[in-house]
Structures are given as C-alpha cells and as structure tokens.
Amino acid sequence: MSEMSLRSVHRANFPGCQVWTIAEHELLVAEYPNADASGKWTGPSRLLVVRESDGHTVESIDLPSSEQVNAASFTPEWLVWQTGPVGGTGLHQIWAENRQTGHRRLLMTAPKTGEAGDIVGLKIVGDTAYWLSNVQIQDDMVSTVWSCSLTDGVLRPLVREDAARDGRAILSMAVGTSYLWYAEAMSKNPMDPRDKGSLKRLSLANPKSAPQQAPISLWHPPVLYGATDGAAYFEENAQTEPNSPVNPAPYPIYAYPWGSRTLLQWTNRQTGVATVGGEWMVVNQNGDKGQAVLYHLSTRTASLLPAPFGVTDGQDVAWWDGEGHVGWASLV
20 MSEMSLRSVH RANFPGCQVW TIAEHELLVA EYPNADASGK WTGPSRLLVV
70 RESDGHTVES IDLPSSEQVN AASFTPEWLV WQTGPVGGTG LHQIWAENRQ
120 TGHRRLLMTA PKTGEAGDIV GLKIVGDTAY WLSNVQIQDD MVSTVWSCSL
170 TDGVLRPLVR EDAARDGRAI LSMAVGTSYL WYAEAMSKNP MDPRDKGSLK
220 RLSLANPKSA PQQAPISLWH PPVLYGATDG AAYFEENAQT EPNSPVNPAP
270 YPIYAYPWGS RTLLQWTNRQ TGVATVGGEW MVVNQNGDKG QAVLYHLSTR
320 TASLLPAPFG VTDGQDVAWW DGEGHVGWAS LV
C-alpha cells in the first residue's frame, strides 16, 4: 500500500493537538496540556477553528486550566464541545456556541448521582446536536441518546435504556443525515464480554417512531465509528470467543448496508479508531506508530496517510502525528 497523492497539502503546528472533525473547509482542533516531570499540567487547553485555505485560526476558545476538550463537533453555524478533567475522561459540561453571534449556552452538566463518562457520537445536524451519554450508578448503567435544540437549549431523550431494568445498554452511536444508528448490548451487565449485540436505526425526521433493528446476528456489541443514511461502519468481534489472548482486540472494521443480512469486512484486526465522511473512511493506527489508512468506499481502494491519525468529512482529509504536527488536503 502506498501513500496517496494529495492535492493542495497544507501543514501547521499546534501543541499537543487532535483534529476532532472537519466542516466546510475548516478544521476543529483541540490543544491539550502536557504533564511535566513533576506531574504538573502545563500548556494551553483550548479549542481552535482553523481555516484550511491559509491555516489561519478564525476562532479560539480557552478552557480553564483544570479542563480539556473530550468531544467536539461543529458546522458553519454551531460549535458544541464537552469538557472533562485535564489528563482524564468523564463528563464535566457540554457547551454550545452560535458561531454567527458568539452567544454561548450551557447544555448539560455532570449528573449529581452516578459517574458519567465522555459522551459518544456527538454530531450536529441542522440546528440539533445528538450524542450518547452513559451514567454508571453503582452496579447499574443508564444509557441515553439525547437530542438538543441548539436554538433554545431544550434537551430531549430519544432512547433510554436502564441495564438493570431493561436488560439493555447502548454502547455506541453514529449519526448520518437522516438516521441515527446505535448499538445495544443485550445483557443486565453491559460490560460482560459474552454479551450479544444488536444494531438499530432511528429516523431523525420522526424520532418518536419505533427504532428499526438490523436483521443480522452479532456475537458481541459493535463499536460504531460512522454512518451514512444507508450504511453503518463499526468495529466488531465477529467470533464467538470473547476478548482473550487467543482472540485479542482490536477487531476488524465492517460495513453494514441497511437491509443486508451480511457484513462487509473492510480491515483486518490491525486497526484503530475510524471516521467516515461521504465516499471516504479513515482508519487510524493503534498507538503513535505507523500510518493511518484512507479508504475510498465505492472503489474499495486504500492509501496511506503521512501520520498515524486522521479524520475526513468526505471533502477534505486531515492528519496529525500526536506531536503537534498537522496536515490537511482536499479530496475533491
């Protein structure tokens, strides 16, 4: 596999950065503090919007020194981010900003009861943000798929599962344009590696309608990475054997076209986190070695990116090396 020949390549440096997503030729970049030899966190903790054409930072949001960005999404109109503890995970707050007016609104804070992890699958569609929240309350887990109107901050639970009550937990979520996909674990103990899983789809136009369940059997709950309206892309342990030394993670990435009764395997088990946009998918490498892989979905061709980590929105692709070096290029 060779490196892809990319057009209009740009590069920049942002300390301790990660590119969360791309929208309309802008990058959403988070900068993270670093721990020095004494364990003290130093350096910026902020969220940047970077214009691709010239690498100029068009917006910068500074976070308190005790917090960092653990999830983020944006469009030309809106910016939504979740804060967590510096150097760690877990929900502190979720904020939204109207990028035209600069007005910011607090959407959610950590619950007073239980321990909330980072939100999953955050995406903005129009004037609505969607995300999955899991809250651990002693031996129980409560999963909620939320929609939030960004114009007035009204939160609505679309799906809620209580593991102790319902025997189900929602472990991952991905949003297309018209449908929201989520993966359920069918067990009263959502962390049991022997759990079977199911894949469901919910119409965003009619979110009160009953979810549709994919007619496929899954040995274990999948980890959703991205979705279009017609297909979901996820990591899945397709073996009856749970995670073990003879069947270790990570597992292959599969595509599931809606209505099909089979999965399409995209990668072998040497994969990392993936993102999907339009006709493209980027699969990161595990750790900071190697190179991320860029897949063209319709032709099933693959090319290497110049760094271990990448992200795409279907129009552009960005990559970074974990040491502050970022690059990006057009795909169209």
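What the sequence shown shows, in this note's numbering, is residues 20 to 351, in sequence order. The beta-carbon is built from N, C-alpha and C at its ideal position, and this holds for glycine as well.
Residues of its chain near residue i, where Cβ-Cβ distance is below 8 Å and the 5 sequence neighbours each way are ignored
i: Pro276; result: Gly249, Ala250, Leu283
i: Thr281; result: Ile235
i: Thr320; result: Tyr314
Cβ neighbour criterion (16 or more within 10 Å) applied to residue i
i: Gly346; result: buried
i: His111; result: buried
i: Gln310; result: buried
i: Asp332; result: buried
i: Gly107; result: exposed
i: Thr286; result: buried
i: Thr170; result: exposed
i: Asp158; result: exposed
i: His122; result: exposed
i: Lys142; result: buried
i: Gly278; result: exposed
i: Asn53; result: exposed
i: Asn153; result: buried
Local conformation of residue i per DSSP, three classes
i: Asp124; result: Here the sequence assigns Arg to residue 124, which means Asp is not the residue at that position. Note: Arg124 maps to strand in three-state DSSP.
i: Ala56; result: coil
i: Asp185; result: helix
i: Lys353; result: The structure shown does not extend to residue 353, since the chain is modelled only from 20 to 351, so the question has no answer here.
i: Gly133; result: coil
i: Ala311; result: coil
i: Leu283; result: strand
i: Leu350; result: coil
i: Tyr275; result: strand
i: Ile235; result: coil
i: Tyr270; result: coil
i: His344; result: strand
i: Asn117; result: strand
i: Ser317; result: coil
i: Thr259; result: coil
i: Gly297; result: coil
i: Arg288; result: coil
i: Ser85; result: coil
Residue i - partner residues in DSSP beta bridges
i: Ile80; result: Leu66
i: Trp200; result: Ala193, Arg220
i: Leu174; result: Cys167
i: Leu4; result: Examination of residue 4 is not possible in this model, given that the chain is present from 20 through 351 alone.
i: Ala326; result: Paired residues: none, contrary to the question.
i: Phe33; result: None; Phe33 has no bridge partner.
i: Thr108; result: In the DSSP output, where bridge partners are listed per residue, Thr108 has none listed.
i: Ser92; result: Val99
Rounded separation between residue i and residue j - CA only
i: Asp55; j: Thr61; result: 7 Å
i: Ser197; j: Gly58; result: 45 Å
i: Met160; j: Val69; result: 38 Å
i: Val302; j: Met205; result: 28 Å
i: Pro104; j: Leu243; result: 25 Å
i: Thr318; j: Val99; result: 34 Å
i: His315; j: Pro327; result: 18 Å
i: Ile138; j: Leu151; result: 5 Å
i: Gly343; j: Val48; result: 11 Å
i: Ala125; j: Val173; result: The question names Ala, yet the displayed sequence has Leu at residue 125. Leu125 and Val173: Cα-Cα distance of roughly 11 Å.
i: Glu260; j: Asn266; result: 7 Å
i: Arg220; j: Arg179; result: 14 Å
i: Ser191; j: Ile156; result: 19 Å
i: Ala233; j: Asn32; result: 43 Å
i: Pro34; j: Asp146; result: 31 Å
Cut-off 6 Å between Cβ atoms - residues of its own chain near residue i, not counting five sequence neighbours on either side
i: Glu203; result: Arg187, Ile189, Ser217
i: Gln67; result: A quick correction: the sequence has Leu, not Gln, at residue 67. Val48, Thr76, Ser79.
i: Val88; result: Ala49, Leu66, Trp100
i: His44; result: Glu71
i: Pro63; result: Glu50
i: Val252; result: The displayed chain sequence assigns Tyr, not Val, to residue 252. Answer for Tyr252: Tyr244, Gly245, Ala274, Val295, listed in chain order.
Contact test: residue i Cβ vs the ligand MG heavy atom, cutoff 7 Å
i: Tyr51; result: For the ligand MG, the structure offers nothing, since it holds no ligand at all.
Nonlocal neighbours in the same chain, by C-beta distance under 7 Å from residue i, ignoring five residues either side
i: Val28; result: Gly346, Ala348
i: Val330; result: Val38, Thr40, Ile41, Thr294, Val301, Ala337
i: Gln304; result: Gly291, Gln310, Ala311, Pro327
i: Ala224; result: Ser197
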